[in-house]
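**Q**
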Amino acid sequence: CALISCWIFFASFIKIIDMAVHVALRVAMLFLFGVGVSLLINLMQAQKNQVLITSEMWLGMVKSGMWVPPACGLSAVAIGLLYPTVDRLLGDPTVAQRTDWSSVIRCAALFVGLNQAAAKIDFMSHAQLSLCLAAMSLGLWFYFDGSRSGLGLALVIALLAAAVNQMMICLDAYRPSVDFVRVRAWLPCIFFSGSVTVGLAGRLLAAQANSATSSSAAKSHGD
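Going by this note's numbering, the first residue of the sequence shown is number 1, and it counts up by one from there.
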């Protein structure tokens, strides 16, 4: 009996360690994903007026907004863990089952392109800008996600992030490079499409982690 109890304890301990390792890997990958996309967008925006990016210019750009990439990384971790959790609670894992890394990369590329379009294209009015970006953001969600839980989460995250951003601007903790009215016109749509992109990556990482855990459990039972 003591031997059986020790074996059960050891198996449970190994399972907990395995789950912790998978969660840590998901957190690290989501953080790097958020930081990488943030740095890519900042670099592309800097190239709007500069053909050549020098090392001094890159260092100054990093120092002036040093908190932005880590904040994007932490936000990506929170969103990437939230999406599969809500799917599991609602019993809707279908999005992760039909998602692969090529879809995540294409979605991220379209998100970066959407961000650049919002920053560079001159629209006739801010209302036209908002409508165009809203249509493209919904198209991004419909093509890559299509779930009601994903739509609801993206809307809630976009509204909360836009409210926090506006509060930071009012407190002079952050100052955008373009006019404030234009930022309010396109930023909620960018947050919406960014949530869809990160949520897609988070769902896929969670599905792969669950698959690896199930395989390990089946192997241990077989042994």
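Here a beta-carbon is modelled for each residue, glycine too, at the ideal position from N, C-alpha and C.
Whole angstroms are fine: how far does the CA of A185 sit from the CA of L140?
**A** Using only the alpha carbons, I get a separation of about 18 Å.
**Q** Exposed or buried, D87, counting other C-beta atoms within 10 Å across all chains shown (16 or more means buried)?
**A** Under this definition D87 is a buried residue.
**Q** How should S211 be labelled, buried or exposed, when 16 other C-beta atoms within 10 angstroms of its C-beta is the threshold for buried?
**A** Exposed, since its Cβ has fewer than 16 Cβ neighbours within 10 Å.
**Q** Which residue wins for smallest C-alpha separation from G199, given the options G150, Q116 and R26?
**A** For the residues G150, Q116 and R26, the minimum Cα distance to G199 belongs to G150.
**Q** Report yes if the CB atom of A224 is closer than 8 Å to the CB atom of S102, and no otherwise.
**A** Only positions 1 to 223 of the chain appear in the structure, and residue 224 is not among them; the question remains open.
**Q** In or out: D145 buried (at least 16 other Cβ within 10 Å) or exposed?
**A** Label assigned to D145: buried.
**Q** If you count every other CB in all the chains shown that lies within 10 Å of the CB of P84, and 16 or more means buried, which is it?
**A** It is buried - the Cβ of P84 has at least 16 other Cβ atoms within 10 Å.
**Q** How would you write the range of the alpha helix (DSSP H) that R98 sits in, first residue to last?
**A** Element bounds for R98: n/a, residue is neither H nor E.
**Q** Express the C-alpha separation of G80 and K120 in angstroms, rounding to a whole number.
**A** Computed Cα separation, rounded: 28 Å.
**Q** Whole angstroms is fine: what's the gap from A135's alpha carbon to P70's?
**A** Each residue's Cα considered, the two are about 29 Å apart.
**Q** Apply the 10 Å Cβ neighbour rule to V164 and answer buried if 16 or more other Cβ atoms are within range, or exposed otherwise.
**A** Counting Cβ neighbours within 10 Å, V164 comes out exposed, since fewer than 16 surround it.
**Q** Decide if V62 is buried, meaning its Cβ has at least 16 other Cβ atoms within 10 Å, or exposed.
**A** At V62 the pLDDT is 49, less than 50, meaning the model places this residue with poor confidence; the figure from the coordinates comes in the next sentence. Result: exposed.
**Q** Going along the chain, which unbroken runs of the alpha helix (DSSP H) with 4 or more residues stay wholly within the region 112-157?
**A** If we require 4 residues or more, the alpha helix (DSSP H) runs fully inside the region 112-157 come out as 126-144.
**Q** What's the gap between the Cα of V77 and the Cα of G36?
**A** Going from the Cα of V77 to the Cα of G36 covers about 13 Å.
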